[in-house]
Amino acid sequence: MASTNTINNGIADNSSNPVASYTVSDLLAKISSLVDTCDYELALQFARRALSMDDKNVGVLEILGTVEIEMEMLDEAKEHFAKAISINPNQGYSKYMYMGQLSAGLEAINYFQNGVNLMITEYKSNPNRNGGENHENNTTAAASSSTSQQESLNRKISTALCSMIEIYLTDCCFEPDAESKCEEYLKQALEIDPSNPEVHQLLASVRLSQQKNEEAKVALEKSLDLWIHLEPDDPSIPSYETRISLVKLLLEIAQYTQALSVLELLQKEDDQVVDLWYLYGWCYYCMGQDSSQNEEDQMAHWEDARDCLVTCEKLYHQVSSDNEGILEHAQELLQTINAFVKPSRTSGDEDEDDGTDGWDDLSADGDDDVQMEM
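In this text, residue positions in the sequence shown follow our numbering: the first is 16, and each later residue adds one.
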């Protein structure tokens, strides 16, 4: 914890002076700077100082809440965002987005909806919402900036709607209006931000829940097309967790080649994820079950599946994962495979120190046969 004097880093210490020389605005600027450098502990001290100076300042309450989230002080963050909402409920959507993330079920949906309503009001008030075509009186630079801001707002709206859809697909799936709400939010999101891969992925998830597999397949293809060829550091690429969910959906409709393509990219990004190797193994196992294959191809897929599942099992214990369902299913699959396929070299103990040795290059070779480089 920083010393008492540390909190005045960059701002004069006038504790002996009844009138401090710095203002709340000064503190907010300092806090923002500290957040940018991820110095959350010191940012928290400054935020608390600012709150003691003006406990009804919405800006202070919001930035304090964001710092508390980073420090996993979730109850405190929720309290401060709730207070910010009570002070100024009709302006500023960010506090509603944070409260939605900190809440669950219908309460979370209510917060997200309030935030979406504020964003949509802003969206409708912008003449450039349809691509920035009506800005003839603006300079090119100003028009470009306005369009960029609108695109950013569109993405925030669609992302919030996606969060609401996910809640109705999980926590609130038994609500009588769950399906109609999902359709309503999907329609809104597609109209506002059709280039968001997550929207199309959620559309596929909803269609699968309705047993409309062909429509789900089309939606997943669209989702993939929006990002699969982008550079690795492109901000438009969905999060790691979202892409893991995408692989699960692809496996559900037997799109194994596409699933392997996504898994390969995920592996290059982070190969120390239990779910990654579990899904690799599950994918190869399913490919090996294809009755149209000859026995040699089937055995090759199951050998690859076993190697991935062994890696999954080792990594599970190394990182102390608590997803027992994955471990149990991986072990069941290994038992099934071992009954038909002789143990391979990589299933032994020689790689025990590093579960991912020898897995640096996975590549698709044809539509139906994907081999793992060893």
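For each residue, glycine too, the CB sits at the ideal point set by N, CA and C.
Under the DSSP assignment, I341 falls in the alpha helix (DSSP H) whose first and last residues are E339 to N353. Linking L235 to W242 through their CA atoms gives a straight-line distance of about 11 Å. Pairing C197 with V221 gives a Cβ-Cβ distance under 7 Å. In the pairwise beta carbon analysis, the region 110–117 is classified as touching the region 90–97: at least three pairs are separated by under 8 Å. For A315, the enclosing alpha helix (DSSP H) starts and ends at E310 to Q333. Rounded to the nearest angstrom, the Cβ distance from L168 to M134 is 6 Å, consistent with a contact under 8 Å. N129: member of the alpha helix (DSSP H) spanning G120 to S140, first to last residue.
By the C-beta criterion, the region 294–307 is judged to be in contact with the region 317–330, since at least 3 inter-stretch pairs fall below 8 Å.
DSSP places W292 in the uninterrupted alpha helix (DSSP H) bounded by V289 to G303. One thing to note: V356 has its Cβ within 7 Å of the Cβ of M314. Straight across, the Cα-Cα distance linking E94 with A354 is about 56 Å. Exposed is the label assigned to C53, since fewer than 16 other Cβ atoms lie within 10 Å of its Cβ. The beta carbons of M179 and F127 sit closer together than 7 Å. In the DSSP assignment, Q270 falls outside any alpha helix (DSSP H) and carries neither an H nor an E. Our two residues, L223 and D69, have alpha carbons roughly 51 Å apart in a direct line.
L66 is not a Cβ neighbour of A99, given a cutoff of 7 Å. Around the beta-carbon of H332, fewer than 16 other beta-carbon atoms lie within 10 Å, marking it exposed. Judged by beta-carbon spacing, F61 lies beyond the 7 Å limit of K71, meaning their Cβ atoms are not closer than that value.
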